[in-house]
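Single-structure report; data block below.
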Amino acid sequence: MGISFANINQLPVPTWNQLKINSVSLDVAEDGLNSYSKEAKLTLPEKVQADRFFVEPESAKIPGSMKQNYDFVSKNHNSVFALTIPEGATPDSPVIIEYSLDKNNSLLNDYIYIKAEKGCEVTVIIKYGSNNCENAFHCGFTFLEAGENAKVKLIKVQTLSKKANHVDAVAVWSKDRAAADIILNELGSERTAASCNIVLKGEQSSGNLGGIYIGKNQEEMDLNYRIEFAAKETEGEITVRGTLADSSKKTLKSTLDFMTGASGSKGREEEIVLTLSDKAVNLSAPLLLCGEDDVEGRHATSTGRPDPGKLHYLMCRGFDRKEAERLLVEASFTPLLNKIEMPKIKQEIKEYIGASIHG
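Numbering (my numbering), first residue to last: 676 to 1034.
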């Protein structure tokens, strides 16, 4: 038997099939994989409630492009969390959920439901890693509902093994004046199909989606990020920083979708990619979709090798080429890393980046 995903991460408006960016399919053999049966490590601050039952969102709140992901996890989940942050609560430390896959727990299908009630403020961190486990599979679905005036920061860190397959989806639904800040760190796994869809349903709500990725060896990544502006005076931003080395390949679809009724809304998307190898393949499809007149949208994409002048400057001061490249990559990632306020988490990401580049 095997696990199959057909045509997920669909581009909202298809382009030529020859470009091979409209969607991605994934087939994974289950032989040798063992269902995740141990407890995830949970750090839970006061005022936050964590239950272990499945909470089903309203069907209208699940993006069509993620339905296949959601259906798979709802039928096959082996880890579930339902987090509730009460009205007005402001926990003084983050909620942290840590998964560590190993040879006896190498197949993880997790569902995490987060309900941030009116006026609360919280940070949630979800980590996926591997320990002595080359072959692994992860499929996750995270649903976040941000109530009126809620402020939620969701940080995901994925450092799975070099032979792992990783399928992940994050769906966000924001009400009036809610602020959702999502930071996704796709650092490991051999094949990645990850997506995030933010719906700004409430007036004056905001959503920021930050993505960091590293491609190395023969790794392949397909990333699909989208913000839907569905109410008046909403604001959203997609900021992506990445680096590609060796023969890695990355496809990014980033979409700002201004829907009818989103007058006065503003959006921006930007991707900067550093390529460290002529064999690396970088594909980007930034989209601006507009169904409303009075909106403002901007997008930009930049890709290229590290600046020779900066490399020369660093190498003249005693750094070898790989170390100089690492410093330039870290500098590129700094705007997003600075949004991670937990020093330990930030340091773990930096160390993983350094080890990956020195490879």
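Ideal Cβ placement from N, Cα and C applies to all residues, glycine included. Given the structure is predicted, the values throughout are model-derived calculations rather than measurements.
Short of 7 Å in beta carbon distance, which residues of its chain neighbour residue i, apart from the five on each side in sequence? Order them along the chain.
i, result
"P761", "K722, E792 and C795"
"N824", "K793, G794, R852 and A853"
"N780", "N709, Y711, S712 and K713"
"C871", "V845, I857, L859, L884 and Y900"
"K985", "L1003"
"Q743", "F680 and I683"
"A715", "S754, I772, E773 and Y774"
Excluding sequence positions up to five away, which residues of its chain have a Cβ less than 6 Å from the Cβ of residue i?
i, result
"N753", "S710, Y711 and N784"
"P687", "T930"
"T798", "P769 and K828"
"S922", "Q893 and K954"
"D726", "A757"
"R1001", "G1029 and I1032"
"P961", "S929, E944, H974 and T976"
"P720", "P766 and S768"
"T926", "I696, D897 and L958"
Out of the options, which one is the CA nearest neighbour of residue i?
i, options, result
"A853", "T867, E731 and G877", "G877"
"V703", "G886, V915, R866 and L1011", "R866"
"P732", "G911, F818 and M676", "F818"
"D767", "P689, G993 and E1016", "E1016"
"I800", "L717, P983 and Q743", "L717"
"I913", "E946, N682, E861 and R992", "E946"
"E773", "N751, S749 and N806", "N806"
"F816", "F747, L963, G863 and S864", "F747"
"I696", "N840, E895 and S864", "E895"
"A920", "D706, F904, G911 and L949", "L949"
"K642", "P689, E705, N682 and K802", "Only positions 676 to 1034 of the chain appear in the structure, and residue 642 is not among them; the question remains open."
"E967", "E809, A905 and V956", "A905"
"C808", "I830, K826, L776 and E820", "L776"
"G882", "A869, S864 and E903", "E903"
"T978", "A715, Q724 and V956", "V956"
Where residue i and residue j are concerned, what is the direct C-alpha to C-alpha distance, given to the nearest angstrom?
i, j, result
"L958", "F729", "36 Å"
"C814", "K790", "21 Å"
"Y786", "V755", "5 Å"
"T759", "G822", "11 Å"
"I771", "Y788", "14 Å"
"S952", "D982", "14 Å"
"V832", "G890", "15 Å"
"V874", "L862", "26 Å"
"R996", "F680", "40 Å"
"N751", "S698", "23 Å"
"L835", "T909", "35 Å"
"N692", "M741", "20 Å"
"L963", "E971", "10 Å"
"N810", "D706", "10 Å"
Need the endpoints of the alpha helix (DSSP H) that residue i sits in, please.
i, result
"K750", "K742 to N751"
According to DSSP, is residue i part of a helix, a strand, or is it coil?
i, result
"V1004", "helix"
"P983", "helix"
"G882", "strand"
"S754", "strand"
"A725", "strand"
"Y711", "coil"
"A735", "helix"
"L694", "helix"
"A811", "coil"
"G890", "strand"
"K838", "coil"
"A868", "strand"
"T935", "coil"
"M896", "strand"
"T1009", "helix"
"R996", "helix"
"K802", "strand"
"G1029", "helix"
"I1024", "helix"
"L989", "helix"
"K907", "coil"
"K925", "strand"
"K1019", "helix"
"T817", "strand"
"N784", "strand"
"K793", "coil"
"N860", "strand"
Give every residue of the same chain whose Cβ lies closer than 8 Å to the Cβ of residue i, excluding the five residues on either side of it in the sequence, and list them in chain order.
i, result
"K907", "E878, Q879, G936, A937, S938, G939 and S940"
"K1025", "E1005 and L1012"
Taking the continuous beta strand (DSSP E) assigned at residue i, which residues delimit it?
i, result
"P961", "V956 to C965"
"Y1086", "Any property of residue 1086 remains undetermined from this structure, which presents the chain solely from 676 to 1034."
"E705", "No beta strand (DSSP E) contains E705, which DSSP labels as neither H nor E."
"R852", "Where R852 is concerned, there is no enclosing beta strand (DSSP E), given that its DSSP letter is neither H nor E."
"N682", "G677 to I683"
"R916", "E910 to L919"
"N779", "From DSSP, N779 is part of no beta strand (DSSP E); its letter is neither H nor E."
"Q947", "According to the sequence shown, residue 947 is Ile rather than Gln. Residues S940 to T950."
"K716", "K716 to T718"
Quick one: is the Cβ of residue i within less than 7 Å of any heavy atom of the ligand GDP?
i, result
"K928", "In the structure on display, the ligand GDP does not appear, and there are no ligands present to speak of."
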